[in-house]
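Just so you know, the protein sequences line up as chains F and S, in that order.
Under the working numbering, the first residue of the first sequence carries the number 14, and numbering increases by one thereafter.
Under the working numbering, the first residue of the second sequence carries the number 14, and numbering increases by one thereafter.
2 protein chains.
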Amino acid sequence: MNIAAPNIENTGPFTRACGWHKLLPNKIVEMAKKIKKLGQDDPRRIIHSLKVGLALTLVSLFYYIQPLYDRIGENSIWVVITVILVFEFSVGATLGKGLNRMLATLSAGALGVGVHHLATLSGEKGEPIVLEFFVAMIAATVTFVRFLPTMKVRYDYGLLIFILTFSLVSVSGYREDKVLYMAHQRVTTIIMGSIIAIVTCICICHVWIGEELQDLIANNIEKLGNFLQGFGSEFFKISEDRQPLSDIAFIQGYKSLLTLKKNEETTVTNLARWEMWDYRFGLFHPWKQYVKIGTLTWQCAHKIEALNNYLNSEIRALNEFGRKIQKPSTKICSESGKALRELASAVKKMYQRTSVNAHIEKSKTAIENLKFMLDTYHFEDANLQEIIPSAEVALTLIDVVPCIVKIADAVQELASLAHFKTPATRVSP
Amino acid sequence: MNIAAPNIENTGPFTRACGWHKLLPNKIVEMAKKIKKLGQDDPRRIIHSLKVGLALTLVSLFYYIQPLYDRIGENSIWVVITVILVFEFSVGATLGKGLNRMLATLSAGALGVGVHHLATLSGEKGEPIVLEFFVAMIAATVTFVRFLPTMKVRYDYGLLIFILTFSLVSVSGYREDKVLYMAHQRVTTIIMGSIIAIVTCICICHVWIGEELQDLIANNIEKLGNFLQGFGSEFFKISEDRQPLSDIAFIQGYKSLLTLKKNEETTVTNLARWEMWDYRFGLFHPWKQYVKIGTLTWQCAHKIEALNNYLNSEIRALNEFGRKIQKPSTKICSESGKALRELASAVKKMYQRTSVNAHIEKSKTAIENLKFMLDTYHFEDANLQEIIPSAEVALTLIDVVPCIVKIADAVQELASLAHFKTPATRVSP
Chain F
14 MNIAAPNIEN
24 TGPFTRACGW
34 HKLLPNKIVE
44 MAKKIKKLGQ
54 DDPRRIIHSL
64 KVGLALTLVS
74 LFYYIQPLYD
84 RIGENSIWVV
94 ITVILVFEFS
104 VGATLGKGLN
114 RMLATLSAGA
124 LGVGVHHLAT
134 LSGEKGEPIV
144 LEFFVAMIAA
154 TVTFVRFLPT
164 MKVRYDYGLL
174 IFILTFSLVS
184 VSGYREDKVL
194 YMAHQRVTTI
204 IMGSIIAIVT
214 CICICHVWIG
224 EELQDLIANN
234 IEKLGNFLQG
244 FGSEFFKISE
254 DRQPLSDIAF
264 IQGYKSLLTL
274 KKNEETTVTN
284 LARWEMWDYR
294 FGLFHPWKQY
304 VKIGTLTWQC
314 AHKIEALNNY
324 LNSEIRALNE
334 FGRKIQKPST
344 KICSESGKAL
354 RELASAVKKM
364 YQRTSVNAHI
374 EKSKTAIENL
384 KFMLDTYHFE
394 DANLQEIIPS
404 AEVALTLIDV
414 VPCIVKIADA
424 VQELASLAHF
434 KTPATRVSP
Chain S
14 MNIAAPNIEN
24 TGPFTRACGW
34 HKLLPNKIVE
44 MAKKIKKLGQ
54 DDPRRIIHSL
64 KVGLALTLVS
74 LFYYIQPLYD
84 RIGENSIWVV
94 ITVILVFEFS
104 VGATLGKGLN
114 RMLATLSAGA
124 LGVGVHHLAT
134 LSGEKGEPIV
144 LEFFVAMIAA
154 TVTFVRFLPT
164 MKVRYDYGLL
174 IFILTFSLVS
184 VSGYREDKVL
194 YMAHQRVTTI
204 IMGSIIAIVT
214 CICICHVWIG
224 EELQDLIANN
234 IEKLGNFLQG
244 FGSEFFKISE
254 DRQPLSDIAF
264 IQGYKSLLTL
274 KKNEETTVTN
284 LARWEMWDYR
294 FGLFHPWKQY
304 VKIGTLTWQC
314 AHKIEALNNY
324 LNSEIRALNE
334 FGRKIQKPST
344 KICSESGKAL
354 RELASAVKKM
364 YQRTSVNAHI
374 EKSKTAIENL
384 KFMLDTYHFE
394 DANLQEIIPS
404 AEVALTLIDV
414 VPCIVKIADA
424 VQELASLAHF
434 KTPATRVSP
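Right, here's the structure in full:
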């Protein structure tokens, strides 16, 4: 784009206007390309947009069809508003918002009617004062509760809607005689809107965020495994056999792990917990365990950053010391890589994997060999700067295996909590 | 809490109910403690809650005072709703939401009136069809645009409100004769509500998120500097002089750096960009530069994780090799620590700091000395596992200085972009 853009700095206003005139089509083309890529990267985004359009079309029928309009009247607009505000990309997010909105409206509506009743008891002059007092007090209290981390994570939207509905019912109740009718209307329309949004979201090409989370966690473990396996075979290669580093897929995969946001799993997990009806996971799926596994994977990825750095550096393990430690190091890499890939497949397919322990045992044996070599190796006249890279690779590998054991334990815990199928049932087909 | 809780597992339903009965006061006390701590940690949260209550009280006067109610009528409720939805903790967030809401309502209102006019041209039967088509199409398009990362970051709320207002005006316009009046009412009430929220937020104990961001960035750089300075004096100490590690403040500070969310600065920066009226920063403050400095600090913190690990391990630099590299290593630590602390104070006070370069030059010289030692050190009969910790500390320190140079360059760029005061002007008082 930079090549196509004419230089519009340091020129007169007229020339500059011409410059913008020429730039504009470029900008539009660029924007169109971005939008196209967005759709290609994840076509479900297009489907989601169409679903929102469809839900709105459905819901605006309340306005166009006379019998429906007669029943709800102009409050139909709250059905439309609710659908727009509640409809989200994933089922979990939609359910979370919908349930929050319904519960908050219900409870705040009831409280609003109660406060309105209390206020009418205090006479015509006292009424606005009592109302003002309650609105200010409840709004301030609920706003403060929104700061509580446990509340913020799951009920922030609900608390906001609580303030909104309460103010709406109690304040506008001052001018309205039929407060109970108004509150009832609001609750009904919001429940209708939420249900329409949730049903549309689930019934048409649903996106279960729980499955996304499972894939995310499994893919990350797999990338780690691929990197370790790839590293073992690449680092100790002689120069001529090496591929250009930019071509190697396992390094790209590993790098994508490092750029992961540390709290991404937490956000996704909080949405997944709303998906109570996903047939694969059931009502009491241990979602928190995914956060634990995700954090351990992230820590492990950062621990082996040193390995990646040495892969990029010119000095590799070509010296005598490097050749000495090659065999146990490669063994550790391949065995722990296999263990990680088994773990990834266990998470993805919800099967128990018994072979993981065997791989871990083998890498532990390799570690003992490596430690013995490091202890007994004596070097004369060696250059420290040459030895350090290989030695650090060795020490990092010794450090990595306990990390992998932790991941394996966490996956094992998940497997028992979520009742993963045992290999015995897998033989049948 | 665990100690106080009676064991309520494996007991009959009656005993369990008694157990819960005993537990409940504990739960309430615990919750109360949490809420108290929340207020003590940041008293501005209490002030914010009271501000929301006050703004709502102000805005509900539209209902209670007859002359005001006569002007706006029952649409006053949109003023109340807008205040609740727009009012946020920081000025930046409130401005962002308020401007988004106002612009979106204005443009969507205009578009809605236009589409309604178009629909009425197509006859009584054609009208709902034309309306349905436009609502579905525009909702789907705007929903898709919300996926664009550049849009999502700053205009997500505005786009949502755009869909909302457009549907509201065009759909409910089908049953309303005075569409133009309705759209006008909606735009006016929302602008009023937004302005009330923004003014209350700015005028009473405002929280400028730009200043928070500046402090966040400066404190992180300072923590890094404290850690390096502290590390230099602690790592090469002999055993008897050492404090227990848990007591050392600089380690705690450093650890808090590691748990920082990588994208925290980006989120905060996007809010800070809305604060166009903060007198300290002005309209064109280079906020993006803070993200750059924050990322560099984060990378640097992760690079020196190895130093922290060795500080915790039993093996420290007590051997001959460790004593040999002590002098240049300590020099690097203290000089680069000083440089970082100067940089932190430059960011915080918006002054240029010329002494930074001197400190960096000194640490560069120390690096040359250290490198020379590593190159010339020859060791016979040394145990590799004993030497590695000190050697890795040395190599990490050699790696850290270029990182600090990058931070210094980024701060220098910020200083010139944001016109930081030069030291010359600082002499005057």
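Every residue, glycine too, gets a C-beta built ideally from N, C-alpha and C.
All figures in this text were calculated on a predicted structure; none of them were measured in a lab.
State the start and end residues of the unbroken alpha helix (DSSP H) segment that holds F/Asn-239.
The residue given as residue 239 of chain F occupies position 226 in the first sequence. Looking at the DSSP string, the run of the alpha helix (DSSP H) that includes F/Asn-239 is 222 to 248.
Against chain F, does S/Glu-22 count as a neighbour if the rule is that its beta carbon must be under 9 Å from one of theirs?
Counted from its first residue, the second sequence places residue 22 of chain S at position 9. Low confidence applies here, because S/Glu-22 scores a pLDDT of 42, under 50, leaving its location unreliable; read the following figure in that light. Not an interface residue.
Just curious, the alpha helix (DSSP H) that S/Glu-348 is in, first and last residue?
Your numbering for residue 348 of chain S matches position 335 in the second sequence. Residues 333 to 362.
Taking the alpha-carbon of F/Glu-348 as reference, which of F/Leu-237, F/Gly-122, F/Gly-295 has the nearest alpha-carbon?
Counting from one through the first sequence, the residue named residue 348 of chain F turns up at place 335. For F/Glu-348, the nearest C-alpha among the options comes from F/Leu-237.
What residues in the region 118 to 144 of chain F have a beta carbon less than 7 Å from any beta carbon of chain S?
Legend: CB atoms of the region 118 to 144 of chain F lying less than 7 Å from CB atoms of chain S belong to residues Pro-141.
If you follow the alpha helix (DSSP H) that S/Asp-83 is part of, which residue opens it and which one closes it?
Indexing the second sequence from 1 puts residue 83 of chain S at position 70. Taken as a continuous stretch (DSSP letters only), the alpha helix (DSSP H) holding S/Asp-83 covers 79 to 85.
Run through DSSP, which three-state label would F/Lys-443 get?
Any answer about residue 443 of chain F is impossible in this case: the structure gives chain F only from 14 up to 442.
Helix, strand or coil: how does DSSP classify F/Ala-330 here?
On the first sequence, position 317 is the one that residue 330 of chain F refers to. Annotation note: pLDDT 49 at F/Ala-330 (below 50); position unreliable, coordinate value reported separately. If DSSP states are grouped into helix, strand and coil, F/Ala-330 belongs with coil.
Excluding sequence positions up to five away, which residues of its chain have a Cβ less than 7 Å from the Cβ of S/Val-126?
Within the second sequence, the letter at position 113 stands for residue 126 of chain S. Excluding residues within five positions, the ones whose Cβ falls inside 7 Å are Val-182, Val-192, Leu-193, Ala-196.
Contacting positions in the region 278 to 300 of chain F - beta carbon closer than 7 Å to chain S:
none
Select from S/Met-205, S/Gly-206, S/Glu-145 the residue whose C-alpha is nearest the C-alpha of S/Phe-179.
Working through the second sequence from its first residue, we reach residue 179 of chain S at position 166. It is S/Glu-145 whose Cα lies nearest to the Cα of S/Phe-179.
Environment of F/Ala-262 [buried if 16+ CB atoms lie within 10 Å]:
The sequence position of residue 262 of chain F within the first sequence is 249, counting from 1. F/Ala-262 comes out exposed.
Same chain only: Cβ atoms within 6 Å of F/His-219, ignoring 5 sequence neighbours per side:
To locate residue 219 of chain F, count along the first sequence from 1; it is residue 206. If we look at F/His-219 and ignore the five residues flanking it on each side, its Cβ neighbours are Val-104.
Could you tell me whether the Cβ of F/Ala-330 comes closer than 9 Å to any Cβ of chain S?
Residue mapping note: residue 330 of chain F aligns to position 317 of the first sequence, counting from 1. Here the model assigns F/Ala-330 a pLDDT of 49, short of 50, so the residue's position is not dependable, and the following value carries that caveat. No, no contact with chain S.
Return the chain-ordered list of same chain residues with a C-beta closer than 6 Å to the C-beta of S/Met-115, the five sequence neighbours on each side being excluded.
Locating residue 115 of chain S in the second sequence gives position 102, where the first residue counts as 1. Correct list, in chain order: Ile-204, Ser-207.
Using a C-beta to C-beta distance shorter than 7 Å, which residues of chain S count as neighbours of F/Leu-69?
Sequence index remark: in the first sequence, residue 69 of chain F carries index 56 (1-based). Those within 7 Å of F/Leu-69 in chain S are Val-148, Ala-149, Ala-152, Ser-180.
With burial defined as no fewer than 16 other Cβ atoms inside 10 Å of the residue's Cβ, what is the status of S/Ser-135: buried or exposed?
One-based indexing of the second sequence puts residue 135 of chain S at position 122. Counting Cβ neighbours within 10 Å, S/Ser-135 comes out exposed, since fewer than 16 surround it.
Between the beta-carbon of F/Cys-214 and the beta-carbon of F/Thr-107, is there less than 9 Å?
For the purposes of this step, residue 214 of chain F is taken as the residue at position 201 of the first sequence. For the purposes of this step, residue 107 of chain F is taken as the residue at position 94 of the first sequence. In this structure, F/Thr-107 lies closer than 9 Å to F/Cys-214 by Cβ.
Residue interval of the alpha helix (DSSP H) (run including F/Asp-388):
Residue 388 of chain F sits at position 375 when you count from the first residue of the first sequence. Looking at the DSSP string, the run of the alpha helix (DSSP H) that includes F/Asp-388 is 368 to 389.
Please report whether the beta-carbon of F/Ser-446 lies at a distance below 9 Å from any beta-carbon of chain S.
Only positions 14 to 442 of chain F appear in this structure, which leaves residue 446 of chain F out of reach.
In three-state DSSP terms, what is S/Asp-412?
As a first step, residue 412 of chain S must be located in the second sequence, where it is residue number 399. Residue state, collapsed to three classes: helix.
Classify F/Lys-64 as buried or exposed, calling it buried when 16 or more other Cβ atoms lie within 10 Å of its own Cβ.
The residue you call residue 64 of chain F lines up with position 51 of the first sequence. When all chains shown are included, F/Lys-64 counts as buried.
Should F/Leu-309 be labelled buried (16 or more other beta-carbon atoms within 10 Å of its own) or exposed?
In the first sequence, the residue the question calls residue 309 of chain F occupies position 296. Buried is the call here.
Short check: CB of F/His-298 to CB of F/Ala-431, under 9 Å?
The residue labelled residue 298 of chain F in the question sits at position 285 within the first sequence. The residue labelled residue 431 of chain F in the question sits at position 418 within the first sequence. Yes; because the gap between Cβ atoms is below 9 Å, this pair is in contact.
Round the Cβ separation of S/Leu-226 and S/Thr-282 to the nearest angstrom and send it over; I've been treating them as touching at under 8 Å.
As a working note, residue 226 of chain S is residue 213 in the second sequence. As a working note, residue 282 of chain S is residue 269 in the second sequence. Correct: roughly 6 Å between the Cβ atoms.
Can you find the residues in the same chain that come closer than 7 Å, C-beta to C-beta, to F/Val-147, ignoring five residues on each side of it along the sequence?
As a first step, residue 147 of chain F is located in the first sequence; it is residue number 134 there, counting from the start. Note that residue 147 of chain F is Phe in the sequence shown here, rather than Val. Result list for F/Phe-147: Val-128, Ser-183, in chain order.
At a CB-CB cut-off below 7 Å, which residues of chain S make contact with F/Phe-160?
For the purposes of this step, residue 160 of chain F is identified with residue 147 of the first sequence, where counting begins at 1. In chain order: Leu-51, Arg-58.
If we cut at 9 Å on Cβ distances, does F/Val-200 have a partner in chain S?
Reading the first sequence from its first residue, position 187 is the one you call residue 200 of chain F. Cβ-Cβ to chain S under 9 Å: no for F/Val-200.
What is the DSSP secondary structure of F/His-298, reduced to helix, strand or coil?
Taking the first sequence and counting its residues from 1, one reaches residue 298 of chain F at position 285. Reduced to three states, the DSSP call for F/His-298 is coil.
Output the distance between the C-alpha atoms of S/Gln-425 and S/Ala-371, rounded to the nearest integer angstrom.
As a first step, residue 425 of chain S must be located in the second sequence, where it is residue number 412. As a first step, residue 371 of chain S must be located in the second sequence, where it is residue number 358. If I take the Cα positions, the gap works out to 14 Å.
By the criterion of Cβ-Cβ separation under 7 Å, what are the contact partners of F/Ser-269 in chain S?
If you number the first sequence from 1, residue 269 of chain F lands on position 256. In chain order: nothing, as chain S lies at least about 14 Å away.
Check the Cβ of F/Thr-156 against every Cβ in chain S and list those closer than 8 Å, keeping chain order.
For the purposes of this step, residue 156 of chain F is taken as residue 143 along the first sequence, with counting starting at 1. Per Cβ cutoff of 8 Å: His-61, Ser-62, Val-65, Gly-66.
Compute the beta-carbon to beta-carbon distance between S/Phe-249 and S/Leu-324, rounded to the nearest angstrom, for a pair I have assumed lies under 8 Å.
Residue numbering aside, residue 249 of chain S sits at position 236 when the second sequence is read from its first letter. Residue numbering aside, residue 324 of chain S sits at position 311 when the second sequence is read from its first letter. S/Phe-249 to S/Leu-324, Cβ: 11 Å. No contact.
Residue from F/Leu-177, F/Tyr-168, F/Glu-140, F/Gly-66 whose Cα sits closest to the Cα of S/Ala-153
Locating residue 153 of chain S in the second sequence gives position 140, counting from the first residue. Nearest of F/Leu-177, F/Tyr-168, F/Glu-140, F/Gly-66 to S/Ala-153, Cα basis: F/Gly-66.
So, helix, strand or coil for S/Arg-159, using DSSP?
Counting from 1 along the second sequence, the entry for residue 159 of chain S is found at position 146. Three-state result, S/Arg-159: coil.
Do S/Ala-117 and S/Phe-175 have their C-beta atoms closer together than 9 Å?
In the second sequence, counting from the first residue as 1, residue 117 of chain S sits at position 104. In the second sequence, counting from the first residue as 1, residue 175 of chain S sits at position 162. Cβ distance < 9 Å, so S/Ala-117 and S/Phe-175 count as in contact.
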